[in-house]
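S.K.: Note that my numbering gives residue 168 to position 165 of the sequence shown, counting from 1, and the numbers run on in steps of one. Glycine is no exception: its CB is placed at the ideal position from the N, C-alpha and C atoms. Here it is, the structure in full.
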Amino acid sequence: MLRRLPERLDVAQFVRAHESMSGVAAYDDFSRIAAECSGGGDVAWSIAGLVDAEGVCWLTLEAEAALRMPCQRCLTDVEVDVRSRSRFRLVFAGEQWGDEDLEDDSFEALEIDGPLDLKALVEDEVLLALPSVALHERCDMPGAQENADDLKAVRPSPFAVLGKLKRA
Ligand SMILES: [Zn+2]
């Protein structure tokens, strides 16, 4: 069931209510992903809110998509399975937070100064999870197989030559 991602989510309220939400958004909804990829399937996403014992608001976001990108070696499509899981600490306007928080890379800070564009956030996370260079493990260059067959036909195997000598 396709579901559009909210572009104006009251994320503070969502997190404080410990809510969760998930869905599948159409690949065509994401123009920035489409600019990097040559095609792909729909994007499955889920988010969950949590307030910890210290009153800190957290948002977890997961996104998954099977995409296709042009291979940098042979330029035909390569399948790229993207899986992203991120933790965001909500930082409200005027809120202070320490240097030690900035050094912790197990989460990112998400500044809250109004409704959250969840669609843009999911798109950002998928873009970050894309490989910087897409490559096939082994490229099947068009025509590569035919060339290999031609070579075999031209050069007889050494064993075939040996057989002829024996018969002579
Ligand atoms: Zn390739």
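I need the straight-line Cα distance from R71 to S49, nearest angstrom please.
M.R.: Taking the sequence shown and counting its residues from 1, the one referred to as residue 71 is at position 68. Taking the sequence shown and counting its residues from 1, the one referred to as residue 49 is at position 46. Cα to Cα, the separation comes out at about 22 Å.
S.K.: Below 6 Å CB to CB, which residues in the same chain sit around G42 once its five sequence neighbours on both sides are set aside?
M.R.: Numbered from its first residue, the sequence shown carries residue 42 at position 39. Excluding positions up to five away in sequence, the list reads R71.
S.K.: Which first and last residues belong to the alpha helix (DSSP H) in which F17 is found?
M.R.: Counted from its first residue, the sequence shown places residue 17 at position 14. Looking at the DSSP string, the run of the alpha helix (DSSP H) that includes F17 is V14 to R19.
S.K.: For L5 versus V83, is the C-beta spacing smaller than 8 Å?
M.R.: Taking the sequence shown and counting its residues from 1, one reaches residue 5 at position 2. Taking the sequence shown and counting its residues from 1, one reaches residue 83 at position 80. No. Outside cutoff.
S.K.: Restricting to Cα atoms, I'd like to know which of G58, L131, A69 and D127 is closest to F95.
M.R.: One-based indexing of the sequence shown puts residue 95 at position 92. Closest by alpha carbon: G58.
S.K.: Would you decide whether A137 is buried or exposed? Buried here means 16 or more other CB atoms lie within 10 Å of its CB.
M.R.: What you label residue 137 is simply residue 134 of the sequence shown in a count that begins at 1. Buried: at least 16 other Cβ atoms inside 10 Å.
S.K.: Residues around ligand 1, please: the ones whose beta-carbon is closer than 7 Å to some heavy atom of it, in chain order.
M.R.: Listed along the chain, these residues meet the criterion: C74, R76, C77, T79, V81, L138, H139 and C142.
S.K.: From what residue to what residue does the alpha helix (DSSP H) around R35 run?
M.R.: The residue you call residue 35 lines up with position 32 of the sequence shown. Start and end: S34 to E39.
S.K.: Assuming A123 is part of the alpha helix (DSSP H), what are its boundary residues?
M.R.: Within the sequence shown, the letter at position 120 stands for residue 123. L121 to A132 is the extent of the alpha helix (DSSP H) around A123.
S.K.: Any idea what DSSP makes of D80, helix, strand or coil?
M.R.: The count along the sequence shown starts at 1 and reaches residue 80 at position 77. DSSP places D80 in strand when its eight states are reduced to three.
S.K.: Kindly provide the ranges of any beta strand (DSSP E) runs that are 3 or more residues long and lie completely inside the region 23-75, ordered along the chain.
M.R.: Runs of the beta strand (DSSP E) inside the region 23-75: 23-28, 46-54 and 60-73.
S.K.: Quick one: using the 10 Å Cβ neighbour count with 16 as the cut-off for buried, is G52 buried or exposed?
M.R.: The count along the sequence shown starts at 1 and reaches residue 52 at position 49. Classification of G52: buried, given that the 10 Å Cβ count is 16 or more.
S.K.: Measure the alpha-carbon distance for V125 versus S87 and round it to whole angstroms.
M.R.: Within the sequence shown, residue 125 is the residue found at index 122, counting from 1. Within the sequence shown, residue 87 is the residue found at index 84, counting from 1. Their backbone Cα atoms lie some 9 Å apart in a straight line.
S.K.: Measuring CB atoms only, is the region 112-119 touching the region 23-36, in the sense that at least three cross pairs come out at less than 8 Å?
M.R.: Taking 8 Å as the limit for Cβ pairs, the verdict is that the region 23-36 does not touch the region 112-119.
S.K.: Count the other CB atoms, across all protein chains shown, that sit within 10 Å of the CB of A123; report buried if there are 16 or more and exposed otherwise.
M.R.: Reading the sequence shown from its first residue, position 120 is the one you call residue 123. It is exposed - the Cβ of A123 has fewer than 16 other Cβ atoms within 10 Å.
S.K.: On the criterion of 16 or more Cβ atoms from any shown chain inside 10 Å, does S89 qualify as buried, or is it exposed?
M.R.: Here residue 89 is taken as the residue at index 86 of the sequence shown, counted from 1. The residue in question, S89, is buried, as its Cβ has 16 or more Cβ neighbours within 10 Å.
S.K.: Look at the alpha carbon of D39 and the alpha carbon of T79, and state the distance between them as a whole number of angstroms.
M.R.: In the sequence shown, residue 39 corresponds to position 36, counting from 1. In the sequence shown, residue 79 corresponds to position 76, counting from 1. Here residue 39 is Glu; the residue named in the question, Asp, does not match the sequence. Approximately 14 Å, taken between the alpha carbons.
S.K.: Which stretch, first to last residue, makes up the beta strand (DSSP E) that contains L113?
M.R.: Taking the first residue of the sequence shown as 1, we reach residue 113 at position 110. E111 to I115 is the extent of the beta strand (DSSP E) around L113.
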